[in-house]
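Since the structure comes first, as structure tokens, the remarks are kept for the end.
Residue numbers (the numbering used here), protein chains in the order written: chain R, 963 to 1218; chain Z, 963 to 1218.
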């Protein structure tokens, strides 16, 4: 016998979903329609996908449910990075109008636990569902004013991503299974917002054991075809490489 | 006019407070007495200091309040590291007995946001107060079974600390203002649970700009007196060193 789980009205999860395409880091945002529209022309806005936590699930499960419902994907990189609990999180008129349409107690204080997801955006089929009729990938430089404190949460996620890519081999989650060395360097440079030396990057990456070269090269390109590489997921996840440090150029090293 | 702030019964903060003395990493734990004691001999247990979040404060403020009330200290290193929200966080008989004595709704699901504090344990005067009549510094290897999921939270804090000391110069928060190179190396070795090469550690630390040698040396020691150093707090906090990486020996470096 299954009982419909009830929602905890005081705790939510929000997902900052990163993708990478056309050499640009992007966020997957949903469009929310305000039920009691304030004006005809101004009845929707963008927000992070999220939901209240159900009584029978833990925080990780709630975040995975949101992601699965929106993208159809499971088993992807999804990591809690920060809880946001300012008493003044809900101040904007649109947020209040939206809450009045969907919550029993629209004035209840909600603390949200924020998650970061990294996905290969080519794999995603957005599923119009209970969260939104529309979702869109926007470049991080073009993210508009979002609902609630979702701009703060998105910026927090970007800071956390920059820190994490330097200590964990996670950036690969944003690439397709096969990628060129140039794809990989462009991704790192985009996340870190700085240029990296090409020869040094290539040498370090190959020496690291994190990637393996394939015999296969690009097809149908006008310039010299580049070699494809794959991420050694099994080796990394089984700890075969030990601690992996992906440190920025120019930074100080204590124990090399 | 001041109004007594009410508590949010669904969200708490817990503080994992690290100290370092006698070459040992320690946790500051409080002793809780179960009001409706189950047995005469077994009426108390250890737990992390924590409290429900008040309606008028954000999460950081709640954690700082707990720390201040227990230790008298403010303005010390205090950083959120993870939220814990398993539906089954409260299962132990002692926890339930304690909750019945202090909470309006002892069965309410509480999600806790965990903070890590790093302090020079010599500075702390434990203030018996509303949290506990007794608090104690226990070596991390001797932490007993704690209330709720506080063992999981403590282990999560230790993992987070090991990661953070490799990317941020925060270990100094655990030392007195003046320390010897040997004190510093022992601290790093204790946190990382591995030996580090002495000459390499010394050279890296001095080259980093993170510490400055004082003219002063140890007094009244039987062996050769060692030089004292101080942490360059202002330089580090003002970003004068850029990104500081405190990486373990033997780990892989991507962008040096």
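Think of the CB as a built atom: it goes at the ideal place given N, C-alpha and C, for glycine as much as any other residue.
Remember, it's a predicted structure, so these values are computed and weren't measured experimentally.
Three or more beta-carbon pairs separated by less than 8 Å are not found between the stretch 1061–1069 of chain Z and the stretch 1134–1146 of chain Z, which leaves the two stretches without contact.
Between residue 1056 (chain Z) and residue 1008 (chain Z), the C-beta spacing is not below 7 Å.
Taking the C-beta atoms as reference points, residue 992 (chain R) is found no nearer than 7 Å to residue 1046 (chain R).
When only Cα atoms are considered, residue 1138 (chain Z) and residue 1084 (chain Z) end up about 8 Å apart. When secondary structure is reduced to three states using DSSP, residue 1044 (chain Z) falls in the strand class.
Fewer than three beta-carbon pairs drawn from the stretch 1103–1110 of chain R and the stretch 1029–1040 of chain R are found closer than 8 Å, and the two stretches are therefore not classed as touching. Taking every protein chain shown into account, the CB of residue 974 (chain Z) has 16 or more other CB atoms within 10 angstroms, so this residue is buried. Looking only at R:1110, R:1096, R:1025 and R:1079, the smallest Cα-Cα distance to residue 1061 (chain R) is reached by R:1110. Annotated three-state conformation of residue 1155 (chain R) is coil, per DSSP. For residue 979 (chain Z), the secondary structure class from DSSP, reduced to helix, strand or coil, is strand.
Contact residues of the stretch 1040–1054 of chain Z toward chain R are 1042, 1044, 1045, 1047, 1048 and 1049 (C-beta to C-beta distance below 7 Å). For the options Z:1197, Z:1020 and Z:1162, the alpha carbon positioned closest to that of residue 1050 (chain R) is the one of Z:1020. Across the set R:1165, R:969, R:1178 and R:1128, the C-alpha of R:969 shows the shortest separation from the C-alpha of residue 1018 (chain R).
The criterion of a C-beta distance shorter than 7 Å is not satisfied by residue 995 (chain R) and residue 1101 (chain R). Looking at the DSSP output, residue 1098 (chain Z) bridges to Z:991.
Within 8 Å of the CB of residue 1080 (chain Z), no CB atom of chain R is found; the nearest one sits about 17 Å away. A distance below 7 Å separates the beta carbons of residue 1191 (chain Z) and residue 1175 (chain Z). Residues are counted here when their Cβ sits less than 8 Å from a Cβ of chain Z; for the stretch 975–994 of chain R the count is zero. Just so you know, the alpha carbons of residue 1128 (chain Z) and residue 1081 (chain Z) end up roughly 18 Å apart. Taking the Cα positions, residue 982 (chain R) is about 37 Å away from residue 972 (chain Z). Here residue 1122 (chain Z) is not near residue 977 (chain Z), since their CB atoms are 7 Å or more apart. If you draw a 10 Å sphere on the C-beta of residue 1160 (chain R), you find fewer than 16 other C-beta atoms in it, and that means exposed. Taking the CA atoms as reference points, residue 1086 (chain R) sits about 25 Å from residue 1044 (chain R). Every alpha helix (DSSP H) of 4 residues or more that sits fully in the stretch 1055–1137 of chain R is shown, in chain order, as 1055–1064 and 1112–1126. Within the stretch 1119–1140 of chain Z, the residues whose Cβ lies closer than 8 Å to some Cβ of chain R are 1125, 1128 and 1129, listed in chain order. A direct Cα-Cα distance of roughly 15 Å separates residue 1189 (chain Z) from residue 1163 (chain Z). In this structure, residue 990 (chain R) lies away from residue 1119 (chain R), with their beta-carbon atoms at least 7 Å apart.
Here the alpha carbon of residue 1187 (chain Z) sits roughly 10 Å from the alpha carbon of residue 1178 (chain Z). DSSP places residue 1022 (chain R) inside the alpha helix (DSSP H), whose first and last residues are 1021–1033. Following the DSSP letters along the chain, one finds residue 1165 (chain Z) in no beta strand (DSSP E) but inside the alpha helix (DSSP H) bounded by residues 1160–1170. By the Cβ neighbour-count rule, residue 988 (chain Z) is buried, with 16 or more other Cβ atoms within 10 Å of its own.
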